[in-house]
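I have placed the structure first, in the form of structure tokens, so that the comments after it can refer back to it.
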Amino acid sequence: MDEKEHEAKVIAFLCNWCAYAGADLAGVSRLNLPPNIRNIRVMCSGRVNPIWILKAFLGGADGVLVAGCHPRDCHYQRGNMFTRRRFVLLKDMFDTLGLEGERVRVSWISASEGIKYSEVVREFTESLNRLGPNPASAEIFL
Amino acid sequence: MARVLRTPLLPEEGARMLLQHLLDSGKVEGVISLDRVEGGGVAYSLITSSEKASSSVPLYPLMPVNLGQVLTRFTLKEGVTRPIAVLARPCELRAFLETIKRRQGRTENLLFISQTCAGVFPSDRAVDGSLDAKLPEYWDIIRRNDLNSELRTTCQSCVEFMPYMADITLRVVDGEKELMIVANSDKGEGMLAGMPGMFEEGGLDEQRISALREKRRAARSSILGRDADIRGIEGLVKTFGRCIGCHACSKACPICYCTSCAFESTTFERKPEDHAGELEVKAGVRLPSGTVFFHLGRMVHMALSCVACGSCQDVCPVDIPVAIAFKKVGESLQSRFDYVPGRDLKEILPVSTFNLEEFTDIEG
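Chains A and B are the protein sequences, given in the same order.
First residue of the first sequence: 238, per my numbering; consecutive thereafter.
First residue of the second sequence: 9, per my numbering; consecutive thereafter.
Shown next, in the form of structure tokens:
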């Protein structure tokens with residue numbers, strides 16, 4: 238890797254109905270967005286298997302974001318509530334394993350919150366830049 | 009207060025007599041218990057004749073496979089149609105109940121007999137035939153209410169050695185010279201009726217149990233601190249790096265019930281070119297890739313229900329302290345949700361339920 242300043246790479250799983258539409262709005266509103274975020278559209282944040290998050294993380298992503306509808310606002314009534322519990326589990330596991338739990342994040346972003354999306358991804362990438370590269374990105378024997 | 013039967017027999021004989029009594033009286037048509045096999049080992053068997061049960065070894069300190077897994081598979085397609093008694097250790101019973109919560113097994117017509125559990129030896133002791141010689145010492149340590157450093161490390165550090173949902177509990181760790189049998193339900197009491205011995209009011213010996221729990225708790229801290237370094241990527245590679253990828257840990261796990269596990273499929277296989285991106289930033293990749301991924305993936309799927317039976321570690325050919333690693337993570341997750349796997353069949357899996365106003369601080 239060259240010596241230029243580390244730019245955090247983020248994989249984001251966005252729900253079709255809220256967060257992805259929010260990201261879309263941020264785009265068409267010409268808001269300033271970090272370039273190193275890879276958005277993946279899923280039908281519901283509750284569809285995100287924690288294994289995908291682990292795969293992104295162990296594959297070297299500096300951060301993984303999962304974003305869905307606000308509580309009580311889920312397109313499928315309660316998918317995001319299961320996401321939340323799963324995140325409690327995942328974060329706790331990351332903490333027990335000393336894996337820097339701040340590299341995984343969950344946010345609630347509605348379809349009208351283009352600004353919130355831009356703020357979340359900007360803050361997230363900034364905090365990841367401060368944290369430095371994911372140690373998994375240099376480890377051969379994973 | 010529960011009804012307790014004071015039998016005139018030593019624990020192993022008393023347990024065997026209970027099985028024979030259940031078969032002789034026609035209260036059950038079969039019992040599932042440990043039986044000896046040629047070559048020094050034991051195996052779980054469904055026994056239907058009292059004569060055959062007379063040579064069974066119900067309290068033999070080995071767990072050839074977690075009985076929870078056996079029962080899950082036994083009742084997967086259909087519940088048991090005729091009454092059967094099963095003699096399961098607490099972690100085996102708890103594992104079975106966890107799979108039932110995942111709709112993988114059924115309790116109909118099963119009578120659960122469990123015990124205050126002293127723990128089991130690692131299975132390799134059965135292979136070299138040295139275990140029989142160790143039995144007097146094993147029982148001696150139980151009578152002294154002490155720790156046995158030759159048992160599975162998960163057993164040495166187990167504080168969940170009391171069964172939760174058993175109809176009948178055999179008092180082993182808090183036992184006296186003769187076996188005491190506690191009826192926890194009317195069903196259990198009805199099953200004991202007619203057995204030789206004296207009924208009295210009572211329960212478990214709480215004093216002995218809490219004394220033992222304290223000793224185990226101390227052992228737990230030292231074993232968890234000593235046995236598995238899983239801190240950070242570095243720790244994970246150190247602990248799981250020598251994994252040969254046989255997946256025996258997942259095969260032996262009573263919670264890992266998926267018959268088509270994603271890690272057994274080609275889902276995560278990669279084409280040679282798929283490594284190219286990764287190789288731009290690192291000096292090489294391990295082949296086959298995904299060793300730590302497999303263990304963490306399994307962990308995120310089942311650690312919430314991990315009963316710390318130690319079966320995964322028991323079968324590991326390269327002696328990875330899998331069970332201790334999973335116990336560490338599992339206990340932390342479980343306490344986050346105030347959940348004890350297998351404590352109560354009515355408790356919903358924490359990931360299958362939610363409250364609207366909870367964990368609101370998780371959003372970042």
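Even glycine gets a Cβ: it sits at the ideal position worked out from N, Cα and C.
Note that the structure is a prediction, hence the values are computed from the model and not measured.
> Are the C-beta of F362 of chain B and some C-beta of chain A separated by less than 8 Å?
Replying inline: In the second sequence, the residue the question calls residue 362 of chain B occupies position 354. Answer yes: the Cβ-Cβ gap between F362 of chain B and chain A drops below 8 Å somewhere.
> How would you list, in chain order, the residues of chain B whose beta-carbon sits under 7 Å from the beta-carbon of K353 of chain A?
Replying inline: Mapped onto the first sequence, residue 353 of chain A falls at position 116. Chain B residues near K353 of chain A: none, gap ~11 Å exceeds 7 Å.
> Can you find at least 3 beta carbon pairs, one from the segment 55-67 of chain B and one from the segment 219-239 of chain B, that sit closer than 8 Å?
Replying inline: no
> Looking at chain A, which residues of the segment 273-291 of chain B have a Cβ within less than 9 Å of any of its Cβ atoms?
Replying inline: F276, G285, E286, E288, V289, K290, A291
>> Here's a check: name, in chain order, each residue in its chain whose Cβ is nearer than 8 Å to the Cβ of Q112 of chain B, leaving out the five neighbours to either side.
In response: Here the question's residue 112 of chain B lines up with position 104 in the second sequence. If we look at Q112 of chain B and ignore the five residues flanking it on each side, its Cβ neighbours are T80, L84, Y265.
>> Using CA atoms only, rank isn't needed, just tell me which of B:I238, B:A10, B:E197 is closest to F120 of chain B.
In response: What you label residue 120 of chain B is simply residue 112 of the second sequence in a count that begins at 1. By alpha-carbon distance to F120 of chain B, the top candidate from B:I238, B:A10, B:E197 is B:E197.
>> So, with DSSP's three-state summary, where would you put M238 of chain A?
In response: Translated into the one-based positions of the first sequence, residue 238 of chain A becomes position 1. Low per-residue confidence applies at M238 of chain A: pLDDT is 46, beneath 50, and the placement is therefore not dependable enough to give any value.
> Can you give the beta carbon distance from L379 of chain A to V300 of chain B, rounded, assuming they're within the 8 Å contact cut?
Replying inline: Locating residue 379 of chain A in the first sequence gives position 142, counting from the first residue. Locating residue 300 of chain B in the second sequence gives position 292, counting from the first residue. Going by Cβ atoms, the distance from L379 of chain A to V300 of chain B rounds to 5 Å, so yes, they are a contact pair.
> By the 10 Å Cβ neighbour count, where 16 or more other Cβ atoms means buried, how is E285 of chain A classified, buried or exposed?
Replying inline: For the purposes of this step, residue 285 of chain A is taken as residue 48 along the first sequence, with counting starting at 1. The sequence shown places Val at residue 285 of chain A, rather than the Glu named in the question. So V285 of chain A counts as buried.
> If you count every other CB in all the chains shown that lies within 10 Å of the CB of E311 of chain B, and 16 or more means buried, which is it?
Replying inline: Within the second sequence, numbered from 1, the residue matching residue 311 of chain B stands at position 303. Looking at the sequence itself, residue 311 of chain B is Ala, so the reference to Glu does not match. Answer is buried; the Cβ neighbour count reaches 16.
>> Would you say S344 of chain A lies against chain B (beta-carbon separation less than 8 Å)?
In response: Locating residue 344 of chain A in the first sequence gives position 107, where the first residue counts as 1. Chain B, which has a Cβ nearer than 8 Å to the Cβ of S344 of chain A, makes this yes.
> Shorter than 8 Å from the beta carbon of L365 of chain A to some beta carbon of chain B?
Replying inline: For the purposes of this step, residue 365 of chain A is identified with residue 128 of the first sequence, where counting begins at 1. Not one chain B Cβ lies under 8 Å of L365 of chain A.
>> Could you check if L295 of chain B belongs to the surroundings of the ligand MN, using beta carbon to heavy atom distance under 7 Å?
In response: As for the ligand MN, it is missing from this structure, which has no ligand bound.
> When burial is assigned at 16 or more other CB atoms within 10 Å of the CB, is K328 of chain A buried or exposed?
Replying inline: Your numbering for residue 328 of chain A matches position 91 in the first sequence. So K328 of chain A ends up on the buried side.
> At what residues does the alpha helix (DSSP H) containing S360 of chain B begin and finish?
Replying inline: For the purposes of this step, residue 360 of chain B is taken as the residue at position 352 of the second sequence. From DSSP, S360 of chain B is part of no alpha helix (DSSP H); its letter is neither H nor E.
> Would you say G297 of chain A faces chain B, with C-beta separation under 8 Å as the test?
Replying inline: Position 60 of the first sequence, counted from the first residue, corresponds to residue 297 of chain A. At least one chain B Cβ lies under 8 Å of G297 of chain A.
> Buried or exposed: which applies to E363 of chain A, given that a residue is buried once 16 or more other Cβ atoms fall within 10 Å of its Cβ?
Replying inline: Sequence index remark: in the first sequence, residue 363 of chain A carries index 126 (1-based). Around the beta carbon of E363 of chain A, fewer than 16 other beta carbons sit within 10 angstroms, so the residue counts as exposed.
>> Alpha carbons only, please: which of B:P171, B:S57, B:N74 is nearest the one belonging to Q28 of chain B?
In response: Translated into positions along the second sequence, residue 28 of chain B becomes position 20. For Q28 of chain B, the closest C-alpha among the options B:P171, B:S57, B:N74 is that of B:S57.
> Quick one: is R321 of chain A near chain B, going by C-beta distance under 8 Å?
Replying inline: Against the first sequence, residue 321 of chain A aligns to sequence position 84. Chain B has a Cβ within less than 8 Å of the Cβ of R321 of chain A.
>> To the nearest angstrom, how far is the alpha carbon of L17 of chain B from that of L67 of chain B?
In response: Indexing the second sequence from 1 puts residue 17 of chain B at position 9. Indexing the second sequence from 1 puts residue 67 of chain B at position 59. If you draw a straight line from the Cα of L17 of chain B to the Cα of L67 of chain B, it is about 14 Å long.
> When DSSP labels each residue in this structure, what does M188 of chain B get in the three-state scheme?
Replying inline: Along the second sequence, read from residue 1 onward, the residue named residue 188 of chain B stands at position 180. It is a strand residue.
> Per DSSP, what kind of secondary structure is A51 of chain B in: helix, strand or coil?
Replying inline: Numbered from 1 along the second sequence, position 43 holds the residue referred to as residue 51 of chain B. The answer is strand: DSSP assigns A51 of chain B an E or B state.
> DSSP three-state call for Q123 of chain B: helix, strand or coil?
Replying inline: One-based indexing of the second sequence puts residue 123 of chain B at position 115. The three-state secondary structure of Q123 of chain B, taken from DSSP, is strand.
>> Using 8 Å for Cβ pairs, my map puts I409 of chain B next to P372 of chain A. What's the rounded Cβ distance?
In response: Because chain B here runs from 9 to 372, residue 409 of chain B falls outside it and cannot be looked at.
> What in chain B is Cβ-close to R309 of chain A, meaning under 8 Å?
Replying inline: Locating residue 309 of chain A in the first sequence gives position 72, counting from the first residue. Within chain B, the residues near R309 of chain A are L364.
> Considering only residues of the same chain and omitting the five flanking positions on each side of A70 of chain B, which have a CB-CB separation below 8 Å?
Replying inline: As a first step, residue 70 of chain B is located in the second sequence; it is residue number 62 there, counting from the start. At residue 70 of chain B the sequence reads Leu, which differs from the Ala that was named. Cβ within range, chain order: L42, G49, V50, V128, F129, S131, R133, A134, L139.
> For the segment 299-314 of chain B, which residues have a beta carbon sitting closer than 9 Å to at least one beta carbon of chain A?
Replying inline: T299, V300, F301, L304, G305, M307, V308, H309, A311, L312
> When you check each C-beta in the segment 337-351 of chain B against every C-beta of chain A, which residues fall closer than 7 Å?
Replying inline: V337, S340, L341, R344
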